[in-house]
Structures are given as structure tokens and as C-alpha cells.
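Visitor: Chains as they are written, first to last, in the numbering used here: chain A, 477 to 918; chain B, 477 to 918. Right, I'll just put the structure down here and ask away after.
In C-alpha cells, the structure reads:
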């Protein structure tokens, strides 16, 4: 059958599939979406129509005089993922999924698909194949659930920070010099000047803590690292917060409350998505456990039988050893000063360690933060100790002449957190269009 | 007096200045912020402490035995914008601003400033001087108000779109080829590949309308245009929306409701900020007026005596002529197809014009959008008509093989809207750290 395309015309959705139920028996509705399945069994023709909220069965029996003949003819010709609008009547039927079906009075085909789709829901495809066909991949129920959870997460974080006197800010992603003095930056051709993509909102959010006191931002940042792990991307969405008139301990206690708020919101608003994902989110007790770096090293050396020296970074395989002893969300505080960036404040009583922390979920690092240096002279000294040139930080240092309060904050990886929430095995699953050293498309 | 710096220690703010009032006479509070003014009049020493929410007067009378001697000595030595914490008692006093003052029991100096600050609140400084000293500039009341309004605007938009079944998305800002085929892109050195900064979320949001149906994003985009106007920047925050199973008219009616929702939220939550800014926000009646492009050209030619041909773009000076006849928010619909990008759908009954629109506020263009082409063959034809190579759009075109619904959307300039809301005369005032061809710092 040669199926013509029709225009949307005046036809508009009255409902999502999730709005419908057997209780509305006899009600006329207009639904729209994609053909997920299509079957003809003798005198019975039906298809599953899916939309962003779920799916329902559209059934045309040959002997049903309510269904126009052209619709009876059309249904067997519908291809998988064709785009259709259906005007129909709800009919309660215990045998149908959800206890009802839609009897079609009008079916419009709005668009068709290629003959052989490269992905089929429910079969296992390589992640790269999925990403190469991302639009189709994302239409599958599991992926719809991941990004619904992300949406609720975004709103819950913003709600928490708004309620707790934070101002949302937007800082530039094009920067004139290398923040943090990092070498792993993407250069940009900016007219006739040198510029880079920002690897972190760090310096800008610090400056803004001297204006709005408490600030937050959810925005992309960029890392030109040739990492090929399941936890690293070149374009990363981060949540940055910074608090004026505060130190590390204010950040620790504020952020753990933010996390609990977000987990509660997801449990409340995403019950069906969590079911789809097979996830149970336990809301952790407050306060989170706080281990010092030294305690962790000690644990690794003794109970973990892991070879590591005080002062070394804790690598992922070390965290996997820790996994036996330290589960769920916990903080590791007081990292060696030498291992931390110039802007991290050393502890007053022991300058070898610093007012710094990581937030872990098991072996996965979710956030990093601490008290910042707020004294200009000391900051310049710290820059020099890190072999950085204070002249390159002129604009940032200027802010310390204008009245910089003590401040502290953190940077938190949205994508990594989304893998924790949804059980995704690879961060590329938790980003709509991931960017890696090898992937610039789609 | 040599004033030592003290650490924050255990001292934490109990209140913002805006929380205090004469009714709390006798209450002990801890406040913190910046010294905005400092006066000594005979036996009376006082300073104005400002924080993110406002300001209040801290008063030490020589003959008040409650004020320790060291505090009496310290106050006259405080410099402008020094960072202080004050533990004190509220004392109702009709002569003080707001009807009360804080009698200091303890004053800690947390940080000092340079001797001669480059900006003083209430004096007129060049915008470039202000931007060069942005942290100091932003601390002034008017600027605090602008970005508080922005925060409320962000939340109100997201609330509206969440309530109206939109999913928040995050699309990549690093792209492998030139979207929209534009030439005004910033190139990036992406490992050993060619890449660019995204000039719009257009193609990605279109793709996502075939997954989540209704999507929105607030994110930066990048324009390498050497424009030097009060309305253009190189890094622009935009709100992008896209609606599946919809056309231009769905977008027009949805977005005008969104704007009304936002204006109502700002009126409700930012009364004091609007007062500071001298702004009254009238909530426009719905629906917004919809002029066709042809009507506007006609009006310009006849009533406006303005020389313009049908088919030409409407320049800013033409809009300024229109300003006499068309005020506030209005739509201009049905632009010439030739003037619009390849993805805009021509009208069915007259292909010379298209299902496109601009949203204007007087002479200022705030948004641009329309119905998109959703038929793959026609989209390829449109690309060719625009002298673009379909091969460069391979990844985007693929999405049209997977079931693309009819869809429509718009892109809306957050910064421009913020100038309308706050009365800012230049878009650089409405962005924390603006980026122009000449400005990459701070």
C-alpha cells in the first residue's frame, strides 16, 4: 500500500498515552507518537503507539463498523517508528496492556522511516552503534527514563539552592588565559587573539562569591584530556557552587543536604522511570561520613594491603579496594596541600594538609572542593609555589583588591551523578551527545 | 591604626541585613558584608554594612558601655569595601535608615581593599571602566538587582516549561561541522580534528523533538561576528525551545504564555529590585498582536515613509520608525522564504513566504522561530537551494530517517530580554562577564 504523508493540519494531541485509562471508556482522544510494534492476527489489526510518556495499543477489528475501511487498510502498512496521529475512542479491555485500547476513527501518517532501522529496542547494541544513531537510541524507554531523571535532578538542585539563598550565575566559557594554569585546554581562534575553552567556572564563581555571596551554576566545561575511560568526557556538565563568608565545613553540610533533597525529589517524581531502570535510590543519612585523606591511606595500607605512600593521589583501582570498607556517599577531607590547586587553603594547624575534600560515591569521584585562599598576598605566594605566573592571573587577582570574603565551594559532575542515579555503566549513556577525543558527532 | 585580619573561625551569619527590623529591638544577630560608608561625628561612630540583600547601619556611641573599646577604636579605621563580620544587638531608632541600627559587640575584619577603589557607587563611570572592574561594579545595588531579576527569570521559564510537558536538554557546544552552514563560527583545535563552537542549538533541539517531543534548553551559543552594537555579543545565553507534533502557531501561543508567566513571577518576587531599577513591568494582554511581514513592509512604506522593498530584511532603523505604531511585545510572522534558513517550512498556500516569526519588543528582536521542514527529501532540496552541501549535514539528516514528527520552535535571547526587564541600556550590562570582539577579560 502506498501511504501518503498528511499534514498535521488542525489535529492536535489532546492526551499523552499515560493520561489514558480504562476508566475513560468511550472517551474520544487524539494521541500522537511512533509506531513501536505492528501486528495483524486474522481479523484483528493492532499497533503499539509510543510517545514521550509511554505507550498504548491501537486496535482495529475487521468487524468493528466504527473503524473506517481506510484505517483498517492502513494499519498493516505502518512501519516501525513511523510518526502517526490517531483520533480514536478509548475502549476498556482487560486483555490489552494497561486494561484498555484505542479504537481508531482516524489515523494520519505524518512521517515514515528508512526500511531497516539500525537499532531495535530490547536488543543489545554496541554503545558506539547506539551513539551513531542517537535519536533512535534515545527513543527507547530506558533512555527516556535517564533524561527524565536528569530533568528532575536539575530542577531539584536549583530549587534547593534558590531556597538556600544562592544566586544562579552564568560565567563565560571563552577565556583569555588558562584558568588554574592547566595545560589541557582547547584553544579557540578568537578573531586575532588567543583564547581557550574554560575548563572550570572556578575563578569566576570565586569572584562572584564576593558579589552575591552564595552562587551556583550548571553549565558545560571542557577538558582536552585524551582519556578513554567510562568516566571521562571532553565536554562535561558541572554544577558549581561557591559560598562567601564560609569555609569547607559549610560546603560539606550544605551540599549533603542538597543531595538528599535531589534524591527525595527523584524518588517522588520518577517512580516509574526508576522502575524502568531497575533502580532503588536509598536516601543516605546525614551527615555523610567524613574520612581524612590520612585515614584512607592508612586503611589502604593496612586493611587493604594496597601499596600507596602518603601524598600520592588515590587512583581508581585503590578506590575499588576501598569499596569493601566505604560504601555509598562519603567525603574524603584534608588532602595533601601539594596535591591541590593554588587556590586551596592549607589547614591552619598543619599546612601539609589542606581544607579540601572529594565527595565519593563508592569508587566514583562526584565532586571536589574546599576552602579557598582569600588573602591576595598569600594567593600570589601559592601561585609561585605552583610555578604559575601571577601576571597571567592579573584580572583574577584584581578581585582580591575589592573586598574578597573568606569563601569555599565545590564542582560536581552532573553526568557522573546521573550514572549513579540511573545505573548507567558508561558516562556516555548519561549525556545526550557525548564528546570524547574520538567522537565529535552526531 | 594597624588593623589585623581575623579568621572567620566559628562566627557565622545568622541574618542578612534584609531580615532585620526595628521590631527585633534587643535581639542579638551576626551579620557580614562590606563597608559601604563610614562616618565619625564627634562621639558617634557608624558605618553602613551592605550584603547581598541590602544594607544597615552599625552604630557605636562613645558613651555606650555595651560597645567594647576596641570596637570603638576600630570603626573609624574601616576602609570602604572592607569585609567585616559584626556580632551585635538591634536597637530601634527612628533616625537610622530603616528605623533601626545594630550596636556592635564584636567586629571582625576578614579582608581589606586597595587604597583607592576605581569605582564608587552612585557616580557615573564609563561602561568599559565598569567592566574592567566588574566585581566591584556588580556589588552596586542596581547591578545586584539586574542579576536577581535574571535568577527569577531563569526559574520562572523553567517552571513554565516543566509544567507544560517540556524536557530540559543539554546539547553539545562543540560541533564537528558548521550548523546552519554559517560562516561566522569560532574554530576550535580539537585534538587533531576540525571543530567549531556551536552558534545555535537548532539542529540538536530539532532532533530531540523527535525523542522528547517538547524540549527546552538555556545555554550559551557563540557568534564570531565583528558586531559593535549595544545588542550583540560573541557569547550569548539563549533559551531554545522545540515542540514536536506542532507548528508555528503552537509555538506562538505557548511562548507568549511563558512570557506572561515570567513577567508575573518577576513582579511578584522582585518588587524591591524593580524599584531600585525604576522599572514597572506591565503584563501584556494575550494573544500578542501578530503582524505579517507584508503588513509591516506596507506600514513602513506608507505611514512610515521609509524606503524598503518587499523581501528585504527589516533593519534596526526601520524598527525605530515602526516604534511609533507598534509598541511592546508583538510577533511578525510569514517572513519571505528566501530570507530564512533552510530548515524553515514555506507556507503551503504561498511558498514565497514561510511559517516563520520574530518576537519583537518595540525595535528589539527577542526571538526568532517557526515551523521546521520535517520531510527529509524536501530538507535536502532546501539545503541545495541555499547552496549548502547535504553531505555536511549527514548526521542531522539521519535523524529524519528515524521518525521525525512535524515540529516548530524558537530561539530567544536571554541577555536582550534582561535589558528589557531591567532597563539596561547595553546588553553588556545584562551579562556578568560579556564577550565582544574586543573583550575577552575579565
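Even for Gly, the Cβ is constructed at its ideal location relative to N, Cα and C.
Excluding the 5 residues flanking residue 741 of chain A on each side, which residues of the same chain have their C-beta closer than 7 angstroms to its C-beta?
Guide: Excluding residues within five positions, the ones whose Cβ falls inside 7 angstroms are 628 and 632.
Visitor: Once you ignore the five residues that flank residue 515 of chain B on each side, which residues in its own chain have a CB closer than 8 angstroms to its CB?
Guide: The residues are 521, 522 and 523.
Visitor: Taking C-alpha atoms, which residue in A:593, A:821 and A:624 lies nearest to residue 746 of chain A?
Guide: Minimum Cα distance to residue 746 of chain A is reached at A:624.
Visitor: Which of the three DSSP states is assigned to residue 646 of chain A in this structure?
Guide: Correct three-state label for residue 646 of chain A: coil.
Visitor: In its own chain, which residues sit with a C-beta less than 7 angstroms from the C-beta of residue 814 of chain B, not counting the 5 before and 5 after it?
Guide: Taken in chain order, the residues that qualify are 787.
Visitor: If you follow the alpha helix (DSSP H) that residue 797 of chain A is part of, which residue opens it and which one closes it?
Guide: Residue 797 of chain A -> alpha helix (DSSP H) spans 792-798.
Visitor: Compile a chain-ordered list of the residues in the region 825-841 of chain B whose CB is closer than 7 angstroms to at least one CB of chain A.
Guide: Listed by position, the residues of the region 825-841 of chain B near chain A (Cβ gap below 7 angstroms) amount to none.
Visitor: Do residue 618 of chain B and residue 687 of chain A have their C-beta atoms closer together than 8 angstroms?
Guide: Not in contact: residue 618 of chain B and residue 687 of chain A (Cβ atoms no closer than 8 angstroms).
Visitor: Just to confirm my understanding: we take residue 834 of chain B, look at its own chain, exclude 5 residues before and 5 after, and list those with CB closer than 6 angstroms. What are they?
Guide: Correct list, in chain order: 808, 841 and 844.
Visitor: Name the residues in the region 717-732 of chain B whose C-beta lies less than 7 angstroms from a C-beta of chain A; which are they?
Guide: Answer in chain order: 721 and 723.
Visitor: At 7 angstroms on the CB atoms, spell out the chain B contacts of residue 875 of chain A, in chain order.
Guide: What residue 875 of chain A touches in chain B: 611.
Visitor: Contact between the region 641-651 of chain A and the region 671-688 of chain A is defined here as three or more beta-carbon pairs at a separation below 8 angstroms; is this criterion met?
Guide: Result yes; three or more Cβ-Cβ pairs closer than 8 angstroms.
Visitor: Mind checking the region 681-697 of chain A against chain B and listing, in chain order, the residues whose C-beta falls within less than 9 angstroms of any C-beta there?
Guide: Taking 9 angstroms as the Cβ-Cβ cut-off against chain B, the residues of the region 681-697 of chain A that qualify are 683, 684, 686, 687, 688, 689, 690, 694, 695 and 696.
Visitor: CB-CB under 7 angstroms to residue 711 of chain A, same chain, minus the five flanking residues each way: which ones, in chain order?
Guide: Contacts found: 696, 698 and 911.
Visitor: Which complete beta strand (DSSP E) runs does the region 775-844 of chain B hold, if anything under 3 residues is left out?
Guide: Fully enclosed beta strand (DSSP E) runs of 3 or longer: 805-809 and 832-837.
Visitor: Compute the distance between the beta-carbons of residue 731 of chain A and residue 692 of chain A, then report whether it is under 8 angstroms.
Guide: Contact: no.
Visitor: Could you tell me the boundaries of the alpha helix (DSSP H) in which residue 653 of chain B lies?
Guide: Looking at the DSSP string, residue 653 of chain B is not in any alpha helix (DSSP H), and its letter there is neither H nor E.
Visitor: Taking only the alpha-carbon atoms, compute the straight-line gap between residue 685 of chain B and residue 904 of chain A and give it to the nearest angstrom.
Guide: One C-alpha to the other measures close to 20 angstroms.
Visitor: Shorter than 8 angstroms from the beta carbon of residue 490 of chain A to some beta carbon of chain B?
Guide: Not an interface residue.
Visitor: Using a Cβ cut-off of 8 angstroms (strictly closer), state whether residue 905 of chain B contacts chain E.
Guide: This model lacks chain E altogether; the protein chains it does include are A and B.
Visitor: Taking DSSP's pairing of strands, which residues face residue 714 of chain B in a bridge?
Guide: Answer is B:695 and B:889, bridged to residue 714 of chain B.
Visitor: Taking just the CA atoms, how far does residue 877 of chain B sit from residue 525 of chain A?
Guide: Rounded to whole angstroms, residue 525 of chain A to residue 877 of chain B spans 18 angstroms at the Cα level.
Visitor: Tell me whether residue 483 of chain A is buried or exposed, calling it buried when 16 or more other Cβ atoms sit within 10 Å of its Cβ.
Guide: Exposed, because fewer than 16 other Cβ atoms sit within 10 Å of the Cβ of residue 483 of chain A.
Visitor: Looking at the C-beta of residue 559 of chain B, does it have a partner C-beta in chain A at a distance below 8 angstroms?
Guide: It does: the Cβ of residue 559 of chain B has a partner Cβ on chain A nearer than 8 angstroms.
Visitor: So residue 779 of chain B and residue 806 of chain B are supposed to be a Cβ contact under 8 angstroms. How far apart are they, rounded?
Guide: Rounded, the Cβ-Cβ distance is 16 angstroms, inconsistent with contact.
Visitor: Would you please state the rounded distance, in angstroms, between the beta carbons of residue 493 of chain A and residue 532 of chain A? I believe it to be under 8 angstroms.
Guide: Sure, about 4 angstroms apart at Cβ, within 8 angstroms.
Visitor: Assess, as a yes-or-no matter, whether the region 700-715 of chain A is touched by the region 753-760 of chain A under the definition of 3 or more beta carbon pairs within less than 8 angstroms.
Guide: Contact fails: fewer than three Cβ-Cβ distances are below 8 angstroms.
Visitor: Can you have a look at residue 821 of chain A and say buried or exposed, based on whether 16 or more other CB atoms are within 10 angstroms of its CB?
Guide: The residue in question, residue 821 of chain A, is buried, as its Cβ has 16 or more Cβ neighbours within 10 Å.
Visitor: Taking contact to mean 3 or more Cβ pairs, one atom from each stretch, closer than 8 angstroms, check whether the region 583-603 of chain A and the region 550-570 of chain A are in contact.
Guide: Yes: at least three Cβ pairs fall under 8 angstroms.
Visitor: Closer than 8 angstroms, CB to CB, is residue 589 of chain A near chain B or not?
Guide: Answer yes: the Cβ-Cβ gap between residue 589 of chain A and chain B drops below 8 angstroms somewhere.
Visitor: Where does residue 552 of chain A fall in DSSP's three states?
Guide: It is helical.
Visitor: By a C-beta neighbour count over all protein chains shown, 10 Å radius and 16 as the cutoff for buried, is residue 700 of chain A buried or exposed?
Guide: Classification of residue 700 of chain A: buried, given that the 10 Å Cβ count is 16 or more.
Visitor: In chain order, what are the residue ranges of uninterrupted alpha helix (DSSP H) at least 4 long that sit wholly in the region 519-584 of chain B?
Guide: List check, alpha helix (DSSP H) in window: 545-550.
Visitor: Starting from residue 915 of chain B, trace the beta strand (DSSP E) in both directions and tell me its first and last residue.
Guide: Unbroken run through residue 915 of chain B: none, as it is neither H nor E.
Visitor: Which chain A residues are close to residue 671 of chain B, counting only those with a beta carbon under 7 angstroms from its beta carbon?
Guide: The answer, in chain order, is 916.
Visitor: Exposed or buried, what is residue 478 of chain B when buried is set at 16 or more other beta-carbons lying within 10 Å of its beta-carbon?
Guide: Exposed, by the Cβ-count rule.
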